[in-house]
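A short worksheet on the structure shown next.
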Amino acid sequence: MSAQTKYAAMSRRAAMTAAALAAMATLAGCGGGGAGGAVEGDMAMGAPEGAKVTVIEYASVTCHVCAAWQEENWEAFKAAYVDTNKVRYVFRELPTGPINVAVAGFMIARCAGEDKYFDVVHNIMASQDEWQAGVNPRDTLFRIGNGAGLSNQQIETCIKDPDNIKAADARARASQAAGVGGTPTFIVNGVTITSPGSSSGATMADLSKAIEAELAKG
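To get our numbering, take the position in the sequence shown, counting from 1, and add 825.
Here it is, written out as structure tokens:
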């Protein structure tokens, strides 16, 4: 039984929404494209809005390439640019398969609260190996949600809430409207950064080169 099939029992309504999201377009496991500009629902860290440099990442909690980038680069990127307020880092949700798991994961992260959002997102990414080993994604998401302070009932309410489902759908549509065709996609001041040959998206070296160039501008 696939992870998506096992997870479907968690929330029929979330699964129906996932099917609708899947029908909007085919989302690649990794790829490029995209545009900048503020979008409702943005989650951000680092410098305030209007910063000299804005780095946008389009990603999914179920994307293995996103998880690889997170493991290989996040701590160094955060220490160099986010913690120092050199850039405004914006994360945008672009669900990838199994899409019902991704949609529910993002909703749980938001229900945990803005201060815990990134921790939940990163923990879900880091847990992907569990599903390949046969763990029901439902169990993983509930465990991570519990760790963020949500009860099982709160999680169920969160992923079945019509307003949450509608908002998740709107965020996914906005990502697609921006022309983003895959995850992870990184955009530095409106320019998509690519690293040909990389197995985990844009490299730290290429991101740093683009960021430093923007910071150096008068």
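Beta carbons are placed, not taken as given, at the ideal position from N, Cα and C, and that holds for glycine.
Bounding residues of the beta strand (DSSP E) (the contiguous stretch that carries residue i)
i	result
GLU918	913-918
THR982	Careful: THR982 lies outside any beta strand (DSSP E), inside the alpha helix (DSSP H) at 977-985.
GLY871	868-871
TYR906	TYR906 -> no beta strand (DSSP E), and no H or E assigned at all.
Spatial distance of residue i from residue j (CA atoms)
i	j	result
MET849	PHE967	Here MET849 scores only 36 on pLDDT, less than 50, and its place in the model should not be relied on; the value that follows carries that caveat. Their Cα atoms are separated by approximately 28 Å.
GLN1001	ALA927	16 Å
ALA999	PHE931	15 Å
TRP956	ARG963	10 Å
PRO923	CYS936	20 Å
SER1033	THR921	27 Å
GLY1026	ILE1036	16 Å
ILE980	LYS1042	46 Å
GLN895	HIS947	7 Å
HIS889	SER1024	10 Å
ALA893	TYR906	19 Å
ASP954	VAL945	16 Å
ALA958	PHE916	28 Å
ASP1031	GLN978	44 Å
ALA992	ASP940	19 Å
Residue i classed as buried or exposed, judged by whether at least 16 other C-beta atoms fall within 10 angstroms
i	result
LYS911	buried
GLY871	buried
THR982	exposed
GLY1007	buried
GLY970	buried
GLY857	Low confidence applies to GLY857: its pLDDT is 38, below 50, so where it sits in the model is not reliable, and the reading given next is rough at best. It is buried - the Cβ of GLY857 has at least 16 other Cβ atoms within 10 Å.
Minimum C-alpha distance to residue i - residue among the options
i	options	result
GLU1039	LYS877, GLN895 and ASN961	LYS877
ASN1014	LYS941, THR879 and ASP940	THR879
VAL1005	ASP908, GLU918, PRO1021 and GLU896	GLU918
THR1017	SER976, ILE881, GLY875 and ILE949	ILE881
GLY938	ILE1036, VAL960, GLY974 and ALA951	GLY974
MET950	VAL886, GLU1037, GLY866 and PRO873	VAL886
TYR883	GLU874, PRO873 and VAL864	VAL864
PHE990	ASN925, TRP899 and PRO873	Note on identity: in this sequence residue 990 is Ile, with Phe being the wrong assignment. Of ASN925, TRP899 and PRO873, the residue nearest in Cα terms is ASN925.
Proximity of residue i and residue j at Cβ, strictly below 7 Å
i	j	result
PRO987	CYS891	no
TYR901	MET1029	Before going on, a small fix: residue 901 reads as Ala here, not Tyr. A contact, by the Cβ cut-off of 7 Å.
MET868	TYR942	yes
THR934	ILE984	At residue 934 the sequence reads Ala, which differs from the Thr that was named. Not in contact: ALA934 and ILE984 (Cβ atoms no closer than 7 Å).
ARG996	GLY875	no
THR965	SER952	yes
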